[in-house]
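For the sequence shown, my numbering gives the first residue as 38, with consecutive numbering after it.
We treat Cβ as the ideally placed atom computed from N, Cα and C, and that holds for glycine.
Working notes, beginning with the structure itself.
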Amino acid sequence: MSTIRAVTLRNGVKMPLVGLGTYRVRDQALVDTCVLEGLRAGYRLIDTATVYRNEHMIGNALKRIFAENLIPGLKREDIFITSKLAPIDQGYDACYKAVMKSINALQVDYIDCYLIHWPGTQRVKPSSPQNAVNRAESWRALEDHYHAKRLRAIGVSNYTTTHLLAMERRAQGEGGTSTSTSNAVLPHVHQFEMHPRLLQNDLMALCQRLGIQVQAYSSLGEGRLVIPAAALQEHVHKLGQNNNPDGRGALPIMGDLIRKYFPTDVSSSAAAGAAGAAAGAMGVGEITAAEYGKRAAQILLRWGIQHGAVVIPKSTNRQRIWDNFDLFGFELDPQDMAALDAYSEGEERTRYCWDPTLIQ
Ligand SMILES: NC(=O)c1ccc[n+]([C@@H]2O[C@H](COP(=O)([O-])OP(=O)(O)OC[C@H]3O[C@@H](n4cnc5c(N)ncnc54)[C@H](OP(=O)(O)O)[C@@H]3O)[C@@H](O)[C@H]2O)c1
């Protein structure tokens with residue numbers, strides 16, 4: 038574990054800086070390959086959720102890896118597992134049981150981090166005040182599991198500043214819930230969508246003030262930010278429903294950044310072109326699609342880490358799993374960080390995943 042880069046949560050628990058996302062990875066053989074390959078590459082954090090319907094598959098994969106000693110010396114305590122409460126299971130009793138179900142499915146004695154996946158409750162209108170009541174009750178169940186040491190850290194996902202501020206007030210003893218303030222815990226982790234087209238400075242600042250570790254999801258825009266524009270429509274079609282069909286694709290600045298940080302990957306004629314080019318969008322055609330994807334992913338993940346976030350890229354491709362973990366051989370300079378941040382302004386700002394802002 039000594040080479041694993043990690044952050045330390047407010048309660049002293051260490052959380053790896055780079056994790057493996059598993060959304061849409063739903064086939065046992067594929068889960069086996071991704072988990073094993075991820076561990077071989079050095080990942081020690083696996084991100085799952087009840088709604089991904091793969092907790093038991095991840096449990097099976099890990100069980101086999103331990104039983105067959107496929108990663109010599111690897112122990113349960115070397116791995117950080119995150120799972121999440123399904124929006125249908127909001128409320129004290131349902132949440133309490135859901136955690137036990139996740140523990141059983143994952144075939145572990147404890148889960149490292151459990152998040153409330155979504156501030157709303159399934160089948161409750163976004164505008165209903167019942168959402169706030171339910172998530173406060175779910176939180177009370179997570180606090181109880183946390184104090185019973187079944188969860189090493191607890192957190193939320195997709196919460197807005199309004200949702201988080203309500204948690205702060207509750208922890209300070211306001212809000213009229215039955216929780217005694219001495220038992221109240223503020224989230225250790227907040228997982229939300231974060232990439233250069235969706236930098237949420239107010240949310241980041243609030244997390245920092247409250248001592249909450251930010252975990253970025255969809256760092257690659259569900260893949261849209263790492264494939265050349267020509268392939269965007271086909272990719273979005275493959276993602277299926279629930280996806281923003283108009284979502285923007287690759288960042289125009291990316292070709293320049295790839296040339297700057299990985300000059301040896303670019304053909305000499307392209308590099309010469311880049312050197313002579315004025316600032317502005319470079320065509321991605323001079324870099325092969327595979328090189329483009331790999332390097333764009335590394336730049337986007339590096340951007341998240343330099344903003345202080347834990348990142349959890351998802352890939353089912355062996356080589357890309359390794360590429361996405363290889364993030365520490367370069368550092369984006371402040372000007373490039375600022376240039377990437379600027380995509381969160383005006384028309385460029387894009388949310389690729391679900392939008393929690395209407396949930397009461
Ligand atoms: N809390 C929440 O509400 C929430 C929401 C969304 C996601 N998440 C979590 O965050 C994880 C990551 O987010 P995400 O799955 O939305 O998407 P993502 O990590 O932004 O992007 C994944 C997509 O990018 C492709 N990809 C990955 N690495 C690549 C590379 N180096 N070069 C080219 N293409 C690459 C993948 O395809 P291949 O598989 O073919 O490589 C896949 O299509 C999820 O898996 C999940 O664990 C949480």
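* To do: Measure the alpha-carbon distance for Lys-162 versus Trp-391 and round it to whole angstroms.
  => 15 Å
* Asked: Between which two residues does the alpha helix (DSSP H) harbouring Ala-43 extend?
  -> Going by DSSP, Ala-43 is part of no alpha helix (DSSP H) but of the beta strand (DSSP E) stretching over 43-45.
* Would you kindly work out how many angstroms separate the C-alpha atoms of Met-241 and Val-251, rounded to a whole number? => Straight-line spacing of the CA atoms in Met-241 and Val-251 works out to 7 Å.
* Asked: Should Leu-54 and Arg-42 be called a contact, given that it needs their Cβ atoms to be closer than 8 Å?
  -> Going by beta carbons, Leu-54 and Arg-42 fall inside the 8 Å limit.
* To do: Find out if the Cβ-Cβ distance for the pair Gly-192, Gln-144 is shorter than 8 Å.
  => Not closer than 8 Å, so no.
* Is it the case that the Cβ atoms of Met-94 and Val-136 are separated by a distance below 8 Å? -> no
* Hey, quick one: how far does the alpha helix (DSSP H) through Leu-201 stretch, first residue to last? -> 198-208
* Any non-hydrogen atom of ligand 1 within 7 Å of Arg-357 CB -> Yes, Cβ of Arg-357 sits closer than 7 Å to a heavy atom of ligand 1.
* Asked: What's the C-alpha gap between Thr-216 and Ala-66?
  -> With a pLDDT of 48 at Thr-216, under the threshold of 50, the modelled position of that residue is not reliable, and the figure given next carries that caveat. Straight through space, the alpha carbons of Ala-66 and Thr-216 are spaced by roughly 43 Å.
* According to DSSP, which residues form a beta bridge with Gly-58? -> Asp-84 and Lys-351
* Asked: How should Gln-127 be labelled, buried or exposed, when 16 other C-beta atoms within 10 angstroms of its C-beta is the threshold for buried?
  -> buried
* Taking Gly-157 as the reference, which of Ser-175, Asp-146, Ala-268 and Ile-148 has the closest Cα? -> Nearest of Ser-175, Asp-146, Ala-268 and Ile-148 to Gly-157, Cα basis: Ser-175.
* So, Leu-269 versus Leu-247, is the Cβ gap smaller than 8 Å? -> no
* Any non-hydrogen atom of ligand 1 within 7 Å of Lys-14 CB -> It is not possible to answer for residue 14, since the shown part of the chain is limited to 38 through 397.
* Return yes when the Cβ of Thr-197 is within less than 8 Å of the Cβ of Pro-393, no when it is not. => yes
* Asked: Residues in its own chain within less than 8 Å of Tyr-80 by CB, not counting five upstream and five downstream?
  -> Pro-53, Val-55, Gly-56, Leu-57, Ile-358 and Phe-362
* CA-to-CA distance, His-200 to Asp-64, given in whole angstroms -> 35 Å
* Sequence-distant residues of its chain with Cβ nearer than 7 Å to Ala-379 (five each side left out) -> none
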